[in-house]
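Chemist:
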Amino acid sequence: MTQTRNSLRIRSRRPSRYAIPISLWLSIFWLFPSSVASFPLFWEQEISSALDSRDSSYREAGVDTALFGRLQTAGDRLSALPMDTASPWHSFLTGMALAKDSGTAAAASFARAISLSEKDPGRLWVLSVEFYRCDMQAWEEKCLKKLEILFLASGARSAPVIVQQLLFRLSNANAHGNTRDSEFYGGWAQRFDRRCLWPSILAIGSTDFTNFPRAAAQIRDVFASLSASWESQLTFARAASKWLFWVLQTLIAGALIGLVAKYLSPALHISSERFPDIFSSRGKLLLALAAFFSVAFLGAIPFIWVIFFVIWRRLVPRDKRLAVCALMLFLLTPLGVRLSDMFDSALSESSSVQLYRKAIDEGYYPALDSTIASHALRSGKDYLAHTAAALYACKKGTPLSAFSHLKMAQMIAKDDPVVIVTAGNALYYAGDFQGARNAYQQCVRLYPKFEPAYFNLGQYYFGAMETAKGMEYTTQAARLDPEYVNAFIKKNDECFSKDWPPLRQLVWPDFAPSYFWRDVFPSYCGTWNSASPRFGPHFFGLPLTWYLALSAFLAILLFTLDVSIWSKDVVKRVSSCKLCQTPVCRKCKRGSICRDCFSATQHIRNEQIRQRIMGKIQVRSLRFRAMTAIVLDLIYPGAGLVYRGAPLYQSGPLLAVTSVVYASFAFLIQATFEYPTWILGRLSTPLICVFAAYWAIFVVRAAIKSVAVLTRQEE
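Letter 198 of the sequence shown, counting from 1, is numbered 506 in the numbering used here, and no numbers are missing.
1. Assuming W397 and F418 form a contact by the criterion Cβ under 8 Å, report the distance between their Cβ atoms to the nearest whole angstrom.
2. Distance, Cα to Cα, V1015 vs V939?
3. Buried or exposed: which applies to Q742, given that a residue is buried once 16 or more other Cβ atoms fall within 10 Å of its Cβ?
4. Could you spell out the range, first to last residue, of the alpha helix (DSSP H) harbouring F939?
5. Please work out which residues of its chain come closer than 7 Å, Cβ to Cβ, to A499, disregarding the five sequence neighbours upstream and downstream, and give them in chain order.
6. Could you spell out the range, first to last residue, of the alpha helix (DSSP H) harbouring V437?
7. Work out the CA separation of K550 and P830 for me, nearest whole Å.
8. Between V434, H713, F758 and A734, which has its C-alpha nearest S687's C-alpha?
9. Ignoring anything shorter than 4 residues, give me the alpha helix (DSSP H) runs that lie fully in the region 726 to 791, in order along the chain.
10. With DSSP collapsed to three states, give me the class of I912.
11. Thinking A839 and R646 are a contact (beta carbons under 8 Å), I'd like their distance in whole angstroms, please.
12. Using a 10 Å radius around the Cβ and a threshold of 16 neighbouring Cβ atoms, would you call C997 buried or exposed?
13. Is DSSP giving P707 helix, strand or coil here?
14. Are at least three pairs of beta-carbons, each pair with one atom in the region 899 to 917 and one in the region 536 to 545, less than 8 Å apart?
15. With 16 as the cutoff for other CB atoms within 10 Å, does A405 come out buried or exposed?
16. Between the Cα of R362 and the Cα atoms of S436, P348 and L349, which residue gives the shortest distance?
17. Starting from the Cα of Y768, find the closest Cα among G778, Y957 and E759 and give me that residue.
18. If I follow the unbroken beta strand (DSSP E) through C633, where does it start and stop?
19. If you draw a straight line from the C-alpha of G411 to the C-alpha of V661, how long is it?
20. Let me know if R665 comes out buried or exposed under the rule of 16 or more other beta-carbons within 10 Å of its beta-carbon.
21. When the Cα of R753 is compared with those of I728, A772 and Y737, which residue comes out closest?
22. Determine the direct distance from the alpha carbon of D904 to that of Q926, and round the result to whole angstroms.
23. Could you spell out where the alpha helix (DSSP H) holding V965 opens and where it closes?
24. Check for me: the alpha helix (DSSP H) holding P891 runs from which residue to which?
25. Per DSSP, V882 is paired with what?
26. With a threshold of 16 other CB atoms inside 10 Å of the CB of M650, please say whether the residue is buried or exposed.
27. Check R952 in the structure and name its three-state DSSP category.
28. In or out: H911 buried (at least 16 other Cβ within 10 Å) or exposed?
29. In chain order, what residues of the same chain lie with their CB nearer than 6 Å to the CB of A497, ignoring the 5 residues before and after it?
30. Would the region 815 to 835 and the region 558 to 578 be scored as touching if the rule is three or more Cβ pairs under 8 Å?
31. For L452 and F999, I'd like the C-alpha separation in whole angstroms.
32. At the level of alpha carbons, what is the spacing between P610 and L949?
33. Does the Cβ-Cβ distance between A734 and P760 come in under 7 Å?
34. Please report the Cβ distance between I560 and F617, rounded to the nearest whole angstrom; I am assuming they are in contact, meaning their Cβ atoms lie under 8 Å.
35. At the level of alpha carbons, what is the spacing between G562 and F1006?
36. Where K628 and A604 are concerned, what is the direct C-alpha to C-alpha distance, given to the nearest angstrom?
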C-alpha cells in the first residue's frame, strides 16, 4: 500500500551539518522485529476493503486516484451524481471540489466524510491517506485521532500496517528536512505501536552535536524502552547472535585464505610428486590442487577440517598461533547453530511466544483467532499457547470460551503471573468479579512487584464502589511502573473520558524481561534435536551433538599429531627453491634449486649471463609473491599480511576489522524487518558508503603497490 505524494507541498530545510553520525546509532538497528507475518495483519482486510470502495467511488466520479487532476473540473459532475449518504468518498471529493471556492462548505464536507467513517478503521485510515496526499495535515490528524479511539477500544497495542505508512510519511519528512512533520508522524507511529523505536532512532540521528543533552536524553529513552520490553530484547539478541556468527565465520575465512595461499603448495608437494613424470611440475601441482579442492563438494565444514590437517604440519610457530585461534573459533560452529535455533524457535511466526505477543499486542481479527486456537489445540501441554488463546478469547468478547484454555494453562504453570492475571481478566469479563479479585490477590501475594495485578485489583474495587482501596492499589501500580500506568490512565481519560471501554478497563498481563529470560525463554528456545536438521547437511548428515563430539576428537587428534609426530620431524622433506621459491623435495631438487630453474641455467657457461638469468627468475618470483599478497589483501584485507608472514599482533587486528565490516555488510543486505525496508535502506546508505570506502582504501593501496612491484628494476 505504498502511497505516492505527487501533490505534496512540503517546506524543506537543509539538514544540520552537525548531525550525529548515522553509524553511531545505526549499530542498534537490530532492536526491531525481523519477521513478517504469514497471515493477514491487524486491520489489513478492513483497509483493503476501504481501498476498493474508494476506488469504486472515484471511478464513478471520473476522478484520477493518483493526482486528483480532475477534481477542479469535476464539480458539475459531482453535483450531478446521486448523493450517497453512506459513502464518505463522495463527501471527500465534494469538499475537494469546493475547497477553493468555499472553505466553510469544504470543511463541512470533510467533517461529514470523517463522521461517516468513524466506526470503520479501514475507511478512517484511507481517508487520512487522502488528506495526507492533499497536504491537509489538520484533517489528517482528525482521522488519526478517531482511528486511535478504535485502536485503543479494540485492546490493541500495535498496528503494524498503520505504522508502516506513518514511517513512510516520516521518511519523506526527513528526506525534505521537515522537522515538524517528522516529529508529527514519529509521534503517531509510536502511538500505534509502543515497541516502535524507529522515530526515536531517527530523532537521535538528526540531533546536533552541539545539543548533547538532548541527544543523551533520546539515547536514554531508547535504551529505557529496550530494557522494558522482552520482545525487543529477544529480537535484538537474535540479530546480534546472527551478526556475531557472521563475524566469526568471516574471520575464520580470512585467516584460512592467507594460510592456504602460503602453505597449501608446500603441503601438497609430496602428493603432487606421486603423479607420473609425464606431467610437468606445474601440471602435477595443478592435479594435486584439483584433487584437494574437490573435497569442497562434500561441504564447507569437511573441507575446512581437511585444510587444517593438510597445512598444519607446514606451519611455522608464528602462523601456528593464528591457526590455533581459527581452529578454536571453528569449533564454536555447533554452538552458533544451536544459538541461532534458540532464537529462531522462539521468534518463529508459529511459535507460542510470537502468537502470545500478537495476541496481547493486536486487536481481534478472525485470521489470528483461528491461528491461535488451532495452535493451542496442537500444542498439548504448552501453557503459553493456551494463555494466548484465553487472552484472545477475551478480546473476541467470548470470555467463557477462555476457561478451557485457562484450565490447561493452570495445570501446567499455575503460579505463572501471566496465567493468574489472564484468568482474573477472563473471570472479570465473564461477570465473576469475586473470582477475578481472588486471582489478582493471589498474584499480588506471589509477585508483589507485578503491576498489572495491582492495577486490575484497583479496577475491581472501583467497580465495587470501594474508592479508597481502588486508589490504594492503583497508586501502588503507578509506583511500580509510573510511566506506563500513568500514560494508560491519561490516554483513557483523554479518549474516553470516564466511560472506559471494556478492553481498556483492565491491563493485559505481560512478562517482565527478567522473568521472560529466566522462566519462559528456556522452555521455548528449541533443543539440540531441533537444531540438528539445521546443521544436518553440513557434515554428512550427522546430528549436531554427534558432530560436537567428533569435532572435539578431531581437534585433539590434530594437536596430538602436531606434538608427538610433526614437531619432532627435524628433517625437512620439503624446502624451497632459492631462486623461484617453489616447493622442492629430494626427488625434484637439483642442489638448492628446482628442476625448472636447473634446466634454465645448467647449459649456460657464461657466469655473467647465468647470474643475470638467475636474477630475472628471482625478480619474477618476488613479483609473483608480492602480487599474490596484494590480491589477497584486495579480496580480504589482512589475508595478505598472513601470506607475507606478519606476526599475529599485526594481521589479527586487520582481520578482525575486515570480518566486522564484511559481516555487517552481509547482515545488512540479508536483514528483513517487520516495517518496510525503505526505512532501513535510507538509513543504511551511509553505512554502505563506509563499507565501500573501507574497501576502496585497499583498492587504491593495491593499485599503488602493483605499480611499484611491476616497475621494480631487476637486480
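Glycine included, each C-beta is placed from N, C-alpha and C at the ideal position. If you're wondering where the values come from, they're calculated on a predicted model, not measured in any experiment.
Modeler: Considering the structure as presented:
1. Here residue 397 refers to the residue found at position 89 when the sequence shown is read from its first residue. Here residue 418 refers to the residue found at position 110 when the sequence shown is read from its first residue. Not quite, the Cβ-Cβ distance comes to about 12 Å (not below 8 Å), so this is no contact.
2. Counted from its first residue, the sequence shown places residue 1015 at position 707. Counted from its first residue, the sequence shown places residue 939 at position 631. Each residue's alpha carbon lies about 13 Å from the other.
3. On the sequence shown, position 434 is the one that residue 742 refers to. By the neighbour-count rule (16 or more Cβ atoms within 10 Å), Q742 is not buried but exposed.
4. As a working mapping, residue 939 is identified with position 631 in the sequence shown. A small fix is needed here, since residue 939 is Val in this sequence, not Phe. Start and end: E915 to I943.
5. The residue you call residue 499 lines up with position 191 of the sequence shown. As written in the sequence, residue 499 is Arg, which differs from the Ala given in the question. Answer for R499: E456, listed in chain order.
6. Numbered from 1 along the sequence shown, position 129 holds the residue referred to as residue 437. Segment P429 to R441, the alpha helix (DSSP H) holding V437.
7. Your numbering for residue 830 matches position 522 in the sequence shown. Your numbering for residue 550 matches position 242 in the sequence shown. So the two alpha carbons sit approximately 19 Å from each other.
8. Residue mapping note: residue 687 aligns to position 379 of the sequence shown, counting from 1. Of the listed residues, the one whose Cα sits closest to S687 is H713.
9. 741 to 754, 759 to 771 and 775 to 788
10. For this step, residue 912 is matched to residue 604 along the sequence shown. Coil at I912, not helix or strand.
11. In the sequence shown, counting from the first residue as 1, residue 839 sits at position 531. In the sequence shown, counting from the first residue as 1, residue 646 sits at position 338. The Cβ separation is near 5 Å, so the contact holds.
12. Locating residue 997 in the sequence shown gives position 689, where the first residue counts as 1. The residue is exposed, with fewer than 16 neighbouring Cβ atoms inside 10 Å.
13. For the purposes of this step, residue 707 is identified with residue 399 of the sequence shown, where counting begins at 1. Residue state, collapsed to three classes: helix.
14. no
15. Here residue 405 refers to the residue found at position 97 when the sequence shown is read from its first residue. It is buried - the Cβ of A405 has at least 16 other Cβ atoms within 10 Å.
16. Counted from its first residue, the sequence shown places residue 362 at position 54. Nearest C-alpha to R362: S436.
17. Start at 1 with the first residue of the sequence shown, and residue 768 comes out as number 460. Nearest option by C-alpha distance: G778.
18. Locating residue 633 in the sequence shown gives position 325, counting from the first residue. No beta strand (DSSP E) holds C633; the alpha helix (DSSP H) holding it covers P625 to F638.
19. The residue given as residue 411 occupies position 103 in the sequence shown. The residue given as residue 661 occupies position 353 in the sequence shown. Taking the straight line joining both Cα atoms gives about 52 Å.
20. Start at 1 with the first residue of the sequence shown, and residue 665 comes out as number 357. By the neighbour-count rule (16 or more Cβ atoms within 10 Å), R665 is buried.
21. Your numbering for residue 753 matches position 445 in the sequence shown. For the residues I728, A772 and Y737, the minimum Cα distance to R753 belongs to I728.
22. Numbered from its first residue, the sequence shown carries residue 926 at position 618. Numbered from its first residue, the sequence shown carries residue 904 at position 596. Rounded to whole angstroms, Q926 to D904 spans 13 Å at the Cα level.
23. One-based indexing of the sequence shown puts residue 965 at position 657. First-last of the alpha helix (DSSP H) with V965: L956 to Q978.
24. Residue mapping note: residue 891 aligns to position 583 of the sequence shown, counting from 1. From DSSP, P891 is part of no alpha helix (DSSP H) but of the beta strand (DSSP E) over P891 to C893.
25. The sequence position of residue 882 within the sequence shown is 574, counting from 1. V882 pairs with C893.
26. Position 342 of the sequence shown, counting from 1, holds the residue named residue 650. Buried, by the Cβ-count rule.
27. Taking the first residue of the sequence shown as position 1, residue 952 is located at position 644. Looking at R952 - three-state DSSP - the assignment turns out to be coil, as it is neither helix nor strand.
28. Translated into positions along the sequence shown, residue 911 becomes position 603. So H911 counts as exposed.
29. Counting from 1 along the sequence shown, the entry for residue 497 is found at position 189. Answer for A497: V471, L474, L475, C504 and P507, listed in chain order.
30. no
31. If you number the sequence shown from 1, residue 452 lands on position 144. If you number the sequence shown from 1, residue 999 lands on position 691. Here the alpha carbons of F999 and L452 stand approximately 40 Å from one another.
32. Along the sequence shown, read from residue 1 onward, the residue named residue 610 stands at position 302. Along the sequence shown, read from residue 1 onward, the residue named residue 949 stands at position 641. Going by the C-alpha atoms only, they are around 26 Å apart.
33. Within the sequence shown, residue 734 is the residue found at index 426, counting from 1. Within the sequence shown, residue 760 is the residue found at index 452, counting from 1. Their beta carbons are not under 7 Å apart, which means A734 does not touch P760 by this criterion.
34. As a working note, residue 560 is residue 252 in the sequence shown. As a working note, residue 617 is residue 309 in the sequence shown. About 16 Å separates the Cβ atoms of I560 and F617, ruling out a contact at the 8 Å cut-off.
35. Position 254 of the sequence shown holds residue 562. Position 698 of the sequence shown holds residue 1006. So the two alpha carbons sit approximately 15 Å from each other.
36. As a working note, residue 628 is residue 320 in the sequence shown. As a working note, residue 604 is residue 296 in the sequence shown. Those two C-alpha atoms are separated by around 23 Å.
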